[in-house]
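Take 5 as the starting number for the sequence shown in our numbering and just add one per residue.
We put the beta carbon where it would ideally sit given N, CA and C, even for glycine.
The structure displayed is predicted, hence computed values, not measured ones.
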Amino acid sequence: HNRIHATDVLHAVWYLTTQPIPGLSTVINDHGSASDSDSDSGFTHGHMGYVFSKMYNVPDDKYGCLSGNIPALELMALYVAAAMHDYDHPGRTNAFLVATSAPQAVLYNDRSVLENHHAAAAWNLFMSRPDYNFLVNLDHVEFKHFRFLVIEAILATDLKKHFDFVAKFNAKVNDEVGIDWTNENDRLLVCQMCIKLADINGPAKSKELHLQWTEGIVNEFYEQGDEEASLGLPISPFMDRSAPQLANLQESFISHIVGPLCNSYDSAGLMPGKWVEDSDESGDTDDPEEEEEEAPNEEETCENKESPRKKIFKRRKVYCQITQHLLQNHKMWKKVIEEEQRLAGIEDQSPQQHPSEQIQAIREEDEEKGKQKGEETPAPEPNQ
5 HNRIHATDVL HAVWYLTTQP IPGLSTVIND HGSASDSDSD SGFTHGHMGY
55 VFSKMYNVPD DKYGCLSGNI PALELMALYV AAAMHDYDHP GRTNAFLVAT
105 SAPQAVLYND RSVLENHHAA AAWNLFMSRP DYNFLVNLDH VEFKHFRFLV
155 IEAILATDLK KHFDFVAKFN AKVNDEVGID WTNENDRLLV CQMCIKLADI
205 NGPAKSKELH LQWTEGIVNE FYEQGDEEAS LGLPISPFMD RSAPQLANLQ
255 ESFISHIVGP LCNSYDSAGL MPGKWVEDSD ESGDTDDPEE EEEEAPNEEE
305 TCENKESPRK KIFKRRKVYC QITQHLLQNH KMWKKVIEEE QRLAGIEDQS
355 PQQHPSEQIQ AIREEDEEKG KQKGEETPAP EPNQ
């Protein structure tokens with residue numbers, strides 16, 4: 005965790021908010037404020053980088069971008085939060101700081117220790133010199149609101165709260181209204197999910213970049229494991245350099261943390277991508293036995309009792325590079341695990357620990373079950 009990671013997360017947030025999103029309606033007018041617009045949408049995750057979209061009267065060739073639905077002040081707060089979110093990171097997890105009674109843990113009462121520290125330390129730096137204040141033209145109300153948004157975004161990166169955020173977001177996406185872009189709380193929740201995805205986007209990168217980031221995080225883990233051993237503490241899972249479990253770490257992290265988060269983000273129709281025709285599929289389909297999830301009928305409609313308008317759901321494929329990379333990397337790590345087991349002469353008798361099924365979308369009725377499963381064996385991250 006260093007300035008390179010901060011730059012990477014800032015770039016990822018920029019990418020997620022500025023790149024074309026198939027079927028996303030724009031509701032921000034020229035003055036940067038929210039206006040009335042049809043914005044109810046959702047995605048059901050497909051396989052190998054594809055998703056099926058369900059849109060309300062969305063033209064087949066329509067694209068939008070997330071920045072078109074977020075006012076300028078809120079968007080800038082998201083970018084600043086991305087740059088600040090790991091400032092002055094000690095390279096240790098929240099659990100380690102609590103276990104060792106570190107000053108930060110004592111100061112923040114063992115709750116979101118790192119995230120509180122990052123926000124406070126970054127703001128102290130920002131306010132330490134007048135020439136650092138790039139918000140000088142904001143009035144008092146705007147400044148307070150900006151600061152609130154930055155802090156809320158940074159605190160959302162605490163992985164201890166990960167499953168709560170995903171469950172809340174899924175519930176919002178699947179309710180009758182969906183994401184209401186004119187509602188500030190809904191926009192904040194979207195921004196929190198955006199920075200969360202950006203913060204743990206390593207497995208969603210190309211294989212080469214993913215492996216580089218994996219090496220960096222594992223080295224940080226091993227340094228913590230070394231210190232835990234020197235202090236006579238139990239070495240945290242995946243942090244013992246004498247017993248490396250790199251493939252298990254990444255497979256677990258994708259299955260329990262990154263995959264469900266990406267699927268939730270997909271389900272809201274917020275993932276950048278491009279429309280594709282069935283005859284123009286550019287993703288790999290090297291597993292012909294897998295069947296794509298059933299999508300609504302093309303002319304399926306539903307009545308909203310509180311509104312006279314009809315919602316028309318159309319089935320349409322979207323290609324998403326982020327999801328493509330995630331699934332390819334997940335498949336790669338599963339193959340590594342299988343090869344390690346073969347070389348060790350051990351048959352895989354723990355399908356829950358090394359799931360072989362394709363990453364699936366979390367449906368609303370399965371959310372609690374998925375949450376409990378994810379809380380049992382998630383791979384640790386330095387902010388956890």
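Start and end residues, beta strand (DSSP E) containing residue i
i, result
"tyrosine 1", "In the structure displayed, the chain extends from 5 to 388; residue 1 sits before or after that span and is not available."
Under the three-state DSSP convention, the category residue i falls into
i, result
"tyrosine 67", "strand"
"glycine 229", "helix"
"alanine 16", "helix"
"threonine 97", "coil"
"proline 134", "helix"
"asparagine 73", "helix"
"valine 340", "helix"
"serine 234", "helix"
"valine 31", "coil"
"aspartate 92", "coil"
"leucine 142", "coil"
"asparagine 6", "coil"
"alanine 247", "coil"
"phenylalanine 242", "coil"
Span of the alpha helix (DSSP H) around residue i
i, result
"serine 105", "Counting along the chain, serine 105 falls outside any alpha helix (DSSP H), and DSSP gives it neither H nor E."
"glycine 263", "263-271"
"leucine 253", "250-257"
"histidine 121", "117-130"
"leucine 77", "76-88"
Proximity test, residue i beta-carbon vs the ligand FAD heavy atom, cut-off 7 Å
i, result
"tyrosine 269", "Because no ligand of any kind appears in the structure shown, any question about the ligand FAD cannot be addressed here."
Integer-rounded CB distance, given that residue j should sit under 8 Å from residue i
i, j, result
"alanine 175", "lysine 200", "Not a contact, Cβ separation roughly 16 Å."
"isoleucine 183", "valine 170", "So it is not a contact: roughly 15 Å between Cβ atoms."
"isoleucine 8", "glycine 68", "Rounded, the Cβ-Cβ distance is 31 Å, inconsistent with contact."
"leucine 77", "serine 71", "Their Cβ separation, rounded to whole angstroms, is 12 Å, which puts leucine 77 and serine 71 out of contact at 8 Å."
"arginine 245", "glycine 220", "Incorrect: roughly 14 Å between the Cβ atoms, too far for contact."
"alanine 16", "alanine 202", "4 Å"
"tryptophan 185", "asparagine 73", "5 Å"
"asparagine 333", "histidine 214", "5 Å"
"asparagine 166", "isoleucine 261", "In the sequence as displayed, the identity of residue 166 is histidine instead of asparagine. Rounded, the Cβ-Cβ distance is 6 Å, consistent with contact."
"isoleucine 341", "glutamate 255", "6 Å"
"methionine 243", "tyrosine 269", "Going by Cβ atoms, the distance from methionine 243 to tyrosine 269 rounds to 29 Å, so no, they are not a contact pair."
"cysteine 198", "leucine 82", "7 Å"
"isoleucine 158", "histidine 89", "5 Å"
"phenylalanine 147", "leucine 139", "6 Å"
Paired residues, beta bridge with residue i - DSSP
i, result
"proline 26", "Tyr67"
"lysine 390", "Outside the displayed range of the chain (5 to 388) lies residue 390, so it cannot be described from this structure."
Minimum Cβ-Cβ distance from residue i to chain D less than 8 Å
i, result
"tryptophan 217", "Any reference to chain D falls outside this structure, which holds one protein chain only."
Within the stretch 151-224, ranges of the alpha helix (DSSP H) (whole runs, at least 4 residues):
166-178 and 188-203
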